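In the numbering used here, each residue's number is its place in the sequence shown (first place is 1) plus 1461.
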Amino acid sequence: MRSTELITGALIVVAALGISTNFYLLDFGISIGFFVLAALSFLMGYKLPGSAWVALGIIFNPITSLHLPRHIWVVIDILSLAGMVYFTYWATNPYKKGTRFEQYVSTLFPEPNFVIQDRTRDVSKFLNRHVESDGHPDLIFRSIKTEKTFAVECKWRGKWARNKNGELGIQWKPYQAERYAAYGKKFNMPVFVAFGIGGTPEKPKEVSFVEVERLHYIFLNQSLIRSGKTASQL
1462 MRSTELITGA LIVVAALGIS TNFYLLDFGI SIGFFVLAAL SFLMGYKLPG SAWVALGIIF
1522 NPITSLHLPR HIWVVIDILS LAGMVYFTYW ATNPYKKGTR FEQYVSTLFP EPNFVIQDRT
1582 RDVSKFLNRH VESDGHPDLI FRSIKTEKTF AVECKWRGKW ARNKNGELGI QWKPYQAERY
1642 AAYGKKFNMP VFVAFGIGGT PEKPKEVSFV EVERLHYIFL NQSLIRSGKT ASQL
């Protein structure tokens, strides 16, 4: 991903300085890039952005491109290349995808019935050192009606994995369940892992909340995940 950003950044500089006068070749490359992004978008379930990338790919096709002044094309090329870099990062970065799934999970417990008591901030990414609270569950909810609190760790996967026996499920790290279980015991609250499967982080096809006490395996079978609770059952 970093090499893609560097290469695209170099092209942006070239276009900005006007060093590259072969705009036919540049537009052709951008057009191909848009079609690649369209394929990536459709594959990841983002139909609207995918359609937009297809339209832009057609517009940037040098064979049928619009006749605009050179300086206008320079600006358009810069904006297009920057947009390609940002979307690729937004769509493929694991942290970004995880954050979007957290946002989706938060909508399953809306106001005024629930309040978000706390949310993990992942500040270790900025301090470049370990922060204990980053190992806590992502979200802590409190029910207004019952005053009970519960914690939710959010995990989204684009599709089911297969183990060596061909069974469907999810690869898992048991030490995570142990850490979350210890957190729940310390603060006297139940802890669930929200598994989102398929679709997009913003709109998964399946969502199941499973108690951490049941997740002490390196491979979690599909039947185990699907036996979890729905948001309304928490």
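We put the CB at the ideal spot given by N, CA and C, even for glycine. Please read all numbers here as calculations on a predicted model, not as lab measurements.
Item to check | Nearest residue (CA-CA) to Ser-1700, options Ala-1513, Val-1576, Gln-1683 | outcome: The displayed coordinates of the chain run from 1462 to 1695. Any statement about residue 1700 would go beyond what the structure contains.
Item to check | Whole-angstrom C-beta distance between Phe-1570 and Cys-1615, which should lie under 8 Å | outcome: As a first step, residue 1615 must be located in the sequence shown, where it is residue number 154. As a first step, residue 1570 must be located in the sequence shown, where it is residue number 109. Not really, about 12 Å apart at Cβ, beyond 8 Å.
Checklist entry - Could you give the residue range of the alpha helix (DSSP H) that holds Glu-1674? => result In the sequence shown, the residue the question calls residue 1674 occupies position 213. Segment: none, Glu-1674 is in no alpha helix (DSSP H) and carries neither H nor E.
Checklist entry - With DSSP run on the structure shown, which of helix, strand or coil describes Trp-1617? => result Position 156 of the sequence shown holds residue 1617. DSSP places Trp-1617 in strand when its eight states are reduced to three.
Next on the checklist: Counting C-beta neighbours from all protein chains within 10 Å, is the total for Gln-1694 16 or more, i.e. buried, or is it exposed?
Outcome noted: As a first step, residue 1694 is located in the sequence shown; it is residue number 233 there, counting from the start. By the 10 Å Cβ count, Gln-1694 comes out exposed.
Checklist entry - In terms of alpha-carbon separation, which member of Thr-1525, Ile-1601, Ser-1541, Pro-1665 lies closest to Gly-1619? => result Here residue 1619 is taken as the residue at index 158 of the sequence shown, counted from 1. It is Pro-1665.
Item to check | Pick from Glu-1667, Gly-1506, Asn-1649, Phe-1548 that is closest to Phe-1656, judged by C-alpha positions | outcome: Here residue 1656 refers to the residue found at position 195 when the sequence shown is read from its first residue. When only C-alpha atoms are compared, the closest one is Glu-1667.
Item to check | Beta-carbon proximity check, Val-1700 vs Val-1566, cutoff 9 Å | outcome: Since the first residue shown for the chain is 1462 and the last is 1695, residue 1700 is missing from the structure and cannot be characterised.
Item to check | Coil, strand or helix - Asp-1595 by DSSP | outcome: Here residue 1595 refers to the residue found at position 134 of the sequence shown. In the structure shown, Asp-1595 sits in a helix (DSSP, three-state: H, G or I).
Item to check | Check whether Ile-1539 and Gly-1518 have beta carbons under 9 Å apart | outcome: Residue numbering aside, residue 1539 sits at position 78 when the sequence shown is read from its first letter. Residue numbering aside, residue 1518 sits at position 57 when the sequence shown is read from its first letter. Not closer than 9 Å, so no.
Item to check | Beta-carbon proximity of Ile-1696 to Gln-1632, cut-off 9 Å | outcome: The structure shown does not extend to residue 1696, since the chain spans only 1462 to 1695, so no value can be given for it.
Checklist entry - Enumerated in chain order, which unbroken segments of the alpha helix (DSSP H) with a length of 4 residues or greater are wholly contained in the stretch 1625-1685? => result 1635-1648
Item to check | Beta-carbon gap between Trp-1617 and Gly-1559 smaller than 9 Å | outcome: As a position in the sequence shown, residue 1617 is number 156, starting the count at 1. As a position in the sequence shown, residue 1559 is number 98, starting the count at 1. In contact: Trp-1617 and Gly-1559 (Cβ atoms closer than 9 Å).
Checklist entry - What residue ranges within the stretch 1496-1537 form continuous alpha helix (DSSP H) runs of no fewer than 4 residues, ordered along the chain? => result 1508-1520
Checklist entry - Is it true that the CB of Phe-1575 sits closer than 9 Å to the CB of Ile-1533? => result The residue given as residue 1533 occupies position 72 in the sequence shown. The residue given as residue 1575 occupies position 114 in the sequence shown. Not a contact, by the Cβ cut-off of 9 Å.
Next on the checklist: So for Lys-1557, helix, strand or coil by DSSP?
Outcome noted: For the purposes of this step, residue 1557 is taken as the residue at position 96 of the sequence shown. Three-state result, Lys-1557: helix.
Next on the checklist: Quick test of your reading: Glu-1672 and Phe-1653, contact by CB under 8 Å. State the CB separation rounded to the nearest angstrom.
Outcome noted: Here residue 1672 is taken as the residue at index 211 of the sequence shown, counted from 1. Here residue 1653 is taken as the residue at index 192 of the sequence shown, counted from 1. With a Cβ gap of about 6 Å, Glu-1672 and Phe-1653 count as contacting.
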